[in-house]
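Written out below as C-alpha cells is the structure these notes cover.
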Amino acid sequence: MSTQQQQTFEEPLWTPENAVPEIVRQRIELIRNSAFIEKLNSSSTPSTKGISNLLIFLHILQQLKKTRRTGWLNFDVEDPESIADHMYRMGIISMLSNNKDLDTGRCVCIALVHDMAESLVGDITPKDPVPKEEKHRRELAAMEYLTKGLIEPFNPSAAQEILDLWNEYENVASPEARFVKDVDKFELLVQTLEFEQQHEGKKDLAQFLDTRQQIKTPEVSEWADTLLGVREDYWVKVKKDLS
Numbered sequence: 001m002s003t004q005q006q007q008t009f010e011e012p013l014w015t016p017e018n019a020v021p022e023i024v025r026q027r028i029e030l031i032r033n034s035a036f037i038e039k040l041n042s043s044s045t046p047s048t049k050g051i052s053n054l055l056i057f058l059h060i061l062q063q064l065k066k067t068r069r070t071g072w073l074n075f076d077v078e079d080p081e082s083i084a085d086h087m088y089r090m091g092i093i094s095m096l097s098n099n100k101d102l103d104t105g106r107c108v109c110i111a112l113v114h115d116m117a118e119s120l121v122g123d124i125t126p127k128d129p130v131p132k133e134e135k136h137r138r139e140l141a142a143m144e145y146l147t148k149g150l151i152e153p154f155n156p157s158a159a160q161e162i163l164d165l166w167n168e169y170e171n172v173a174s175p176e177a178r179f180v181k182d183v184d185k186f187e188l189l190v191q192t193l194e195f196e197q198q199h200e201g202k203k204d205l206a207q208f209l210d211t212r213q214q215i216k217t218p219e220v221s222e223w224a225d226t227l228l229g230v231r232e233d234y235w236v237k238v239k240k241d242l243s
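Residue numbers for the sequence shown follow full-length UniProt numbering, so the first one is 1 and each next one is one higher.
This is how it looks when you write it as C-alpha cells:
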C-alpha cells in the first residue's frame, strides 16, 4: 500500500463506532437514556441482561434493509435491491442444494451473516478506491464491534457463532463456505437477468456475467450455466422484436 493510501485510509482511521449513521445514533441515545431500560438493567436477571445491546444491534442491522447494492446503483438500475434482499435470497437458495455432503443449515447461517459488516462498512466493490486489505480490516472491525461489543453481553454463544461463521466465509474454510461463495455469485447472475427484464431489454448488464468464472462447485455451476442459457434466449427474443 502506498504512503498516500495509508494517509487516506488511516488518517483518520475508519472505525465502526464512527460509521454508525446519525439516525441510528439517535436511537441508541434514546435507549441509553431510557428510564425503562435503566430499571430493567437494575434487575440484573439473566433474561434481561443485555437487551439494550440487542436493540442497538437490531437498529444497526436495519441498515442492510436500507442500503442499496452499489453495483446496481453504478448502472442506474431502477429500484435496485438492498443488501438484505440479496442475503435473504441467498439463504433460500442455500436450502435448495441437493448435495447431501453439505450441511445446508450451516450454509443458510453463513448466507445470513456473510454481508453483516456492510451494515456499517457499506457495499464496497472492486471498483471503489478502497484497497482489498483495508476493506477486510473494516469489515473485521465491524464484525467484532457487532458481535463482541453488542451481541456478547446479550448472548455470548450467538456472538461467537456469528463471528465464526463470518470468518469461515471470508477464509473459505469449509465446503459450506465454498458453496455459499458460489451462491453469492449465482444470486447476482439471477438478479442481473431480472433487472435486464425489468428494463425491458433496454439495459444490457453483461458486465456482471464475468461473475460466472468465479463459481467453482459443480452444482452451482450447472445452475449458473442454465440461467445464462435462458438469458441468451431472452436477448435473442429482444433483438428479434426490435428487428
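Backbone N, C-alpha and C fix where the C-beta goes; we use that ideal spot for every residue, glycine too.
Quick caveat: nothing in here was measured; it's all calculated off a predicted structure.
Taking the C-beta atoms as reference points, residue 180 is found no nearer than 8 angstroms to residue 227.
Runs of alpha helix (DSSP H) with 4 or more residues, each lying fully within the region 158 to 239, are found at 175 to 198, listed in chain order. Under the DSSP assignment, residue 41 falls in the alpha helix (DSSP H) whose first and last residues are 35 to 43. If you look at residue 65, you'll find it in the alpha helix (DSSP H) that goes 63 to 66.
In this structure, residue 54 lies away from residue 118, with their beta-carbon atoms at least 8 angstroms apart. Ranked by Cα distance from residue 199, the options 165, 234, 211 are led by 234. Here the alpha carbon of residue 195 sits roughly 7 angstroms from the alpha carbon of residue 77.
Counting C-beta atoms within 10 angstroms of its own C-beta, residue 184 has 16 or more neighbours from the protein chains shown and is therefore classed as buried. Non-local beta-carbon contacts of residue 70 in its own chain, meaning distances under 7 angstroms to residues more than five positions away in sequence, involve 123, 125 in chain order.
Using a 10 angstroms sphere on the CB of residue 52, the tally of other CB atoms reaches 16 or more, which defines it as buried. Residue pairing of residue 82 in beta bridges, as defined by DSSP: 68. Within the same chain, 16, 19, 142 come within 6 angstroms of residue 120 by CB-CB distance, once the 5 residues on both sides are set aside. About 6 angstroms separates the Cβ atoms of residue 176 and residue 110, confirming a contact at the 8 angstroms cut-off. In this structure, residue 186 sits away from residue 83, with a CB-CB distance that is not shorter than 8 angstroms.
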